[in-house]
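According to UniProt numbering, the sequence shown holds residues 1 to 304 in order.
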Amino acid sequence: MKELLSNYTVGTYIASEPFTNGTVQTNIKVQTTEGQFVFRYYENRSVQSVLFETSFLTYLKKHDFPCPKPYLNRNGGYVGIYKQKPYVVFEYMEGEHINDPKENQKAQLIKLAAELHNISKNYHPIYKEARLNYNIETCRDLARKQSERLNTKNAEEKCLWLENELEQLIFPEDLPKGICHSDFHFTNILYNDDKCSALLDFDDANYTYLLFDLVVLVEYGAWRHDVDQYLNFKEAKKIISEYMKYRPLEDIEKMHLFDVYKLSILMDCIWYFDRGNVNDFYEKRKVDYLNQIGRKSFFEKLFE
Numbered sequence: 001m002k003e004l005l006s007n008y009t010v011g012t013y014i015a016s017e018p019f020t021n022g023t024v025q026t027n028i029k030v031q032t033t034e035g036q037f038v039f040r041y042y043e044n045r046s047v048q049s050v051l052f053e054t055s056f057l058t059y060l061k062k063h064d065f066p067c068p069k070p071y072l073n074r075n076g077g078y079v080g081i082y083k084q085k086p087y088v089v090f091e092y093m094e095g096e097h098i099n100d101p102k103e104n105q106k107a108q109l110i111k112l113a114a115e116l117h118n119i120s121k122n123y124h125p126i127y128k129e130a131r132l133n134y135n136i137e138t139c140r141d142l143a144r145k146q147s148e149r150l151n152t153k154n155a156e157e158k159c160l161w162l163e164n165e166l167e168q169l170i171f172p173e174d175l176p177k178g179i180c181h182s183d184f185h186f187t188n189i190l191y192n193d194d195k196c197s198a199l200l201d202f203d204d205a206n207y208t209y210l211l212f213d214l215v216v217l218v219e220y221g222a223w224r225h226d227v228d229q230y231l232n233f234k235e236a237k238k239i240i241s242e243y244m245k246y247r248p249l250e251d252i253e254k255m256h257l258f259d260v261y262k263l264s265i266l267m268d269c270i271w272y273f274d275r276g277n278v279n280d281f282y283e284k285r286k287v288d289y290l291n292q293i294g295r296k297s298f299f300e301k302l303f304e
């Protein structure tokens with residue numbers, strides 16, 4: 001660590017300790033003579049994928065968005081390599097994680113998400129192809145890979161079911177896109193005096209429909225898998241209404257929120273592809289429920 005930090009103008013290394021949160025990439029809190037920093041070691045990301053992240057975070061910081069700033073090394077780059085894997089030194093953000101936020105704290109996060117989208121809709125990402133951009137093509141390709149990996153009759157049939165559901169989705173060309181964070185888990189959000197002080201961990205950020213993050217917020221607040229059997233439309237309307245205070249939805253977004261919601265569930269199916277039988281598994285029950293409601297009725301329940 002001492003040797004790696006010598007490539008940066010962040011002071012002399014004193015001590016370090018790993019963060020306990022996070023299960024994918026390795027994050028280490030570092031103390032130097034200049035203060036505290038975060039050393040992030042990417043266990044399973046390409047350099048291009050990391051550059052997508054550092055470029056976007058740099059853009060966000062220029063627009064005063066509360067997120068960690070990546071530091072340039074002495075060679076003028078953001079990404080270093082150690083044992084053939086990339087790493088970045090980030091700004092350390094003050095605040096605390098809140099597992100069960102209050103209503104005003106939830107509203108703070110919704111506002112932050114809307115502000116993120118207002119900024120990102122005008123951003124032209126580099127290396128976006130290095131990320132898993134959430135769309136029909138990505139979902140279909142990943143499903144086929146999962147089916148091939150498992151090589152079972154159940155996996156093959158689940159893949160066919162998923163492809164059939166994808167074919168029913170409608171995404172107009174002018175449905176707004178931008179960078180979405182895609183993971184509003186409480187460990188990725190910092191609060192300071194009840195204010196949402198920072199959004200962390202853009203490891204899942206990708207170029208997709210701006211509605212995707214709104215769906216994630218609704219999922220956390222109105223259709224939690226451990227609590228709610230069905231979507232709580234009353235809570236969903238509250239979340240959407242709060243979001244629209246800062247980024248009003250276009251009519252085309254309102255009509256096709258249904259499709260983005262289904263896409264988000266089908267993407268979840270990818271991550272848990274080996275879970276459950278093709279005739280009855282969690283994501284299928286959610287999709288079947290939405291199909292029973294239908295696009296038009298879903299729109300009416302939320303917006304009329």
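Every residue, glycine too, gets a C-beta built ideally from N, C-alpha and C. As the structure is a computational prediction, the values presented were derived from the model and not from experiment.
So, with DSSP's three-state summary, where would you put residue i?
i: residue 243; result: helix
i: residue 258; result: helix
i: residue 20; result: coil
i: residue 228; result: coil
i: residue 36; result: strand
i: residue 274; result: coil
i: residue 306; result: Since the displayed the chain opens at 1 and closes at 304, residue 306 lies outside it and no answer follows.
i: residue 127; result: coil
i: residue 42; result: coil
i: residue 134; result: coil
i: residue 8; result: coil
Let me confirm a value: residue i is counted as buried when at least 16 other C-beta atoms fall within 10 Å, else exposed. Which label applies?
i: residue 241; result: exposed
i: residue 5; result: buried
i: residue 10; result: buried
i: residue 267; result: buried
i: residue 338; result: Residue coverage of the chain in this structure runs from 1 to 304, which leaves residue 338 outside it and unanswerable.
i: residue 201; result: buried
i: residue 120; result: buried
i: residue 18; result: exposed
i: residue 208; result: buried
i: residue 100; result: exposed
i: residue 248; result: exposed
i: residue 102; result: exposed
Would you mind working out which of the options sits nearest residue i, comparing C-alpha positions?
i: residue 197; options: 137, 93, 176, 141; result: 93
i: residue 137; options: 123, 170, 119; result: 170
i: residue 276; options: 211, 153, 218; result: 153
i: residue 292; options: 271, 269, 25, 230; result: 230
i: residue 300; options: 236, 191, 224; result: 236
i: residue 84; options: 110, 47, 55; result: 47
i: residue 239; options: 149, 246, 221; result: 221
i: residue 15; options: 34, 97, 150; result: 34
i: residue 251; options: 57, 96, 304, 159; result: 304
i: residue 270; options: 144, 285, 101; result: 144
i: residue 52; options: 96, 65, 124, 295; result: 124
i: residue 305; options: 140, 97, 233, 44; result: Beyond the ends of the chain as shown, which are 1 and 304, falls residue 305; an answer cannot be given.
i: residue 257; options: 298, 244, 232; result: 298
i: residue 140; options: 224, 273, 290, 126; result: 273
i: residue 245; options: 157, 109, 234; result: 109
i: residue 180; options: 71, 131, 191, 228; result: 131
i: residue 13; options: 280, 25, 31, 142; result: 31
i: residue 223; options: 73, 289, 135, 43; result: 289
Run the proximity test for residue i: is its beta-carbon closer than 7 Å to any non-hydrogen atom belonging to the ligand COA?
i: residue 216; result: Absent from the structure shown: the ligand COA. Ligands present: none.
Note down, one range per segment and in chain order, each beta strand (DSSP E) of at least 3 residues found wholly within the stretch 49-125.
Within the stretch 49-125, the complete beta strand (DSSP E) runs of at least 3 residues are 80-82, 85-91.
Runs of alpha helix (DSSP H) lying entirely within the stretch 166-222, each at least 4 residues, in chain order:
Listed in chain order, they are 211-222.
Should the stretch 26-40 be regarded as contacting the stretch 75-92, the criterion being three or more beta carbon pairs within less than 8 Å?
With three or more CB-CB distances shorter than 8 Å, the stretch 26-40 counts as touching the stretch 75-92.
Tell me whether the stretch 211-227 and the stretch 107-117 touch, counting them as touching only if at least three CB pairs, one residue from each stretch, are closer than 8 Å.
Because the criterion of three Cβ pairs below 8 Å is met, the stretch 211-227 and the stretch 107-117 touch.
Any 3 or more C-beta pairs closer than 8 Å across the stretch 180-200 and the stretch 158-172:
With the cut-off at 8 Å, the stretch 180-200 and the stretch 158-172 do not touch.
Just checking, does the stretch 168-184 make contact with the stretch 256-275 on the three C-beta pairs under 8 Å criterion?
Short answer: they touch.
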